[in-house]
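Report on the structure given below.
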Amino acid sequence: MAPKVLVSDKLSETAVQIFRDRGIDVDFMPDLGKDKEKLAEIIGNYDGLAIRSATKVTPTILEAATNLKVVGRAGIGTDNVDKEAASKKGVIVMNTPFGNMITTAEHAIAMMFSVARQIPEASASTHAGKWEKSKFMGVELTGKTLGVIGAGNIGGIVCDRARGLKMKVIAYDPFLGQEKADQMGVEKVELDELLARADFITLHVPLTDQTRNILSRENLEKTKKGVRIINCARGGLVDEEALADLLKSGHVAGAAFDVFSVEPATENPLFNLPNVVCTPHLGAATTEAQENVALQVAEQMSDYLLTGAVSNALNMPSVTAEEAKIMGPWIKLSDHLGNFIGQMTDEPIKAINILYDGVVSEMNLEALTCAAVAGIMKSVNPEVNMVSAPVVAKERGVKISTTKQDKSGAFEGYIKLTVVTDKRERSIGGTVFSDGKPRFIQIKGINIDAEIGSHMLYTTNNDEPGIIGTLGQMMGEHGVNIANFTLGRSAAGGEAIALLYVDAPVDSDVIQKLEATGKFQQVRPLEFDVV
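Each step along the sequence shown adds one to the number in our numbering, with nothing skipped, and position 482 is 1138.
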């Protein structure tokens, strides 16, 4: 059955057609996002939800979304999606961070020009029949110092455009290296230096705990007298009340804001102040940007639903379509390894350690780790997947560590998974053979070569005669058909293990009778999702 997607906001017809052309069943209801009751009523029918900003993806909506796998936001901001609730539900949240970069950067430049030359006020005055030529004295941008807070994708474009305007550009960004700054032609500075030197300050950072109120009252008071401040990034980056006070005092000469701490902004301390330019969150509001992000989200969601490729996800490692093809068997192996450990472990897990060896060490380890952790967590919560598993593990205080190393043995690559509890460590290793099938190659340090079956029985015992006969006899007496089996031992007379492949789950009374023989230290039925 084809995946089914709901478009609950206004996306272009071209974007909707992309879903159809890719073989996805799509329902286009552009006004549904405003009706949360109706959305909750029908969301359970869909694998994907494509939105803009009108649809609010709340815990209530997610609870009703019994089949939902992905939410795609056409645009960069995902404040309208409860990402924590989505992660717990196992729903990927995607955005399109690059579709409106140029548009937003251009809007910031336009706002800078507007506040430098008081264009909106001059326009309103002229429209009113006044001719107040001497009232609107502006400043040139040429030769002025622009302080850019956040020199990432959008901030980088602003830097480039500002240099074209012959401005001196200084940038504060903790992740901006000196080599990259040199390539961009900007001077890398600390925040306090930027505040003291900049004639214009423009913000281009996301709203996080670290950036919230980055232009606080204290920092605003450190700015150069006569500075002009532009915010086309996110509301909440600037203390608006403090800025209003500094505008009134004349310390700040002007401000241009496209975003506000509370939106829709029907009132704000900055409103109706002289030389303050305000626009209603228009950073991405161009025909080109709206079309670009709509097309991108349709492509990204289609790729995920059809091939497993993950792009621009906020709560899941990205996996390209090519990676998905190559890594598919390894992701399945990671899941099987985790599933084995999870089914074998009854006590609380303190730590999960994963070793990646050889060719697999060069793959997307974040995705493989998510799959392994998901396999482990499924034993206590069958609804867990690659998205929600890291959240579940974190909530339980489980520490996850990974190590990678060059090829160290007979296999081109392998994964070894170890879990630590208060009582013991338990490990299992696996690889993918040339036939694309995952194999277990080591359990408890004992080398084996075991395919993974849907229904298996795992036993441990001392290596002594009669074990295989006991297993065969007991299975036969209870009508359990053994399709195949794999054996391994540490040494003659040492610890031994057996994996039996059976046609159906083994009943608990058979397990109890095997344990009652006294020949086995452990008897455990195992179930695997083998496609």
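For each residue, glycine too, the CB sits at the ideal point set by N, CA and C.
Proximity of residue i and residue j at Cβ, strictly below 8 Å
i	j	result
residue 1138	residue 1157	yes
residue 745	residue 718	yes
residue 750	residue 969	yes
residue 1102	residue 1153	yes
residue 996	residue 1109	no
residue 804	residue 860	yes
residue 940	residue 731	yes
residue 801	residue 855	yes
residue 1099	residue 1012	no
residue 1217	residue 1010	Look at the range of the chain in this structure, 657 to 1187, and you will see that residue 1217 is not part of it.
residue 756	residue 945	yes
residue 972	residue 1019	no
residue 1155	residue 1112	yes
residue 881	residue 851	no
residue 663	residue 680	no
residue 758	residue 724	no
residue 1063	residue 1021	no
residue 1073	residue 994	yes
residue 1092	residue 985	yes
residue 772	residue 795	yes
residue 1082	residue 1000	yes
residue 776	residue 975	no
residue 989	residue 1094	yes
Option nearest residue i by Cα separation, candidates the options
i	options	result
residue 690	677, 844, 780 and 711	711
residue 1131	778, 1102, 1164 and 669	1164
residue 868	851, 892, 888 and 874	892
residue 806	919, 1148, 871 and 770	871
residue 998	956, 1076 and 765	1076
residue 714	742, 933 and 1093	742
residue 684	1034, 707 and 957	707
residue 838	816, 847 and 1038	816
residue 709	716, 703 and 729	729
residue 767	1037, 886 and 949	886
residue 1026	748, 931 and 703	748
residue 678	981, 957 and 902	957
residue 615	874, 921 and 903	As displayed, the chain neither begins before 657 nor continues past 1187, which places residue 615 out of reach and without an answer.
residue 890	919, 884, 876 and 1145	919
residue 686	784, 825, 809 and 950	950
residue 840	847, 980, 1084 and 826	826
residue 1129	1107, 1173, 1120 and 1044	1173
Residue i, DSSP secondary structure in three states
i	result
residue 748	strand
residue 1052	coil
residue 987	helix
residue 776	helix
residue 803	strand
residue 836	helix
residue 796	coil
residue 760	helix
residue 708	coil
residue 934	strand
residue 680	coil
residue 810	helix
residue 851	helix
residue 1103	strand
residue 739	helix
residue 1081	strand
residue 994	helix
residue 875	helix
residue 1029	helix
residue 732	coil
residue 714	coil
residue 820	helix
residue 689	helix
residue 1075	strand
residue 1166	helix
Strand pairing of residue i, partner residues [DSSP]
i	result
residue 640	In this structure the chain extends from 657 to 1187, so residue 640 is not present and cannot be described.
residue 702	The partner list for residue 702 (beta bridge, DSSP) is empty, contrary to what the question assumes.
residue 870	The partner list for residue 870 (beta bridge, DSSP) is empty, contrary to what the question assumes.
residue 825	802
residue 1094	1088
residue 1070	1013
residue 844	827
residue 1129	Paired residues: none, contrary to the question.
residue 769	Answer by DSSP bridge pairing: none, since residue 769 is not bridged.
residue 969	750
residue 975	966
residue 1061	1013
CB contact check: residue i to chain B, cutoff 8 Å
i	result
residue 688	Absent from the structure is chain B; it holds one protein chain and no more.
Proximity test, residue i beta-carbon vs the ligand NAD heavy atom, cut-off 7 Å
i	result
residue 859	Annotation note on the ligand NAD: not contained in the displayed structure, which lists no ligands.
Item to check | Segments of 3+ residues assigned as beta strand (DSSP E) that fall wholly inside the stretch 889 to 948 | outcome: Entirely contained in the stretch 889 to 948, the beta strand (DSSP E) runs reaching 3 residues are, in chain order, 908 to 913 and 932 to 934.
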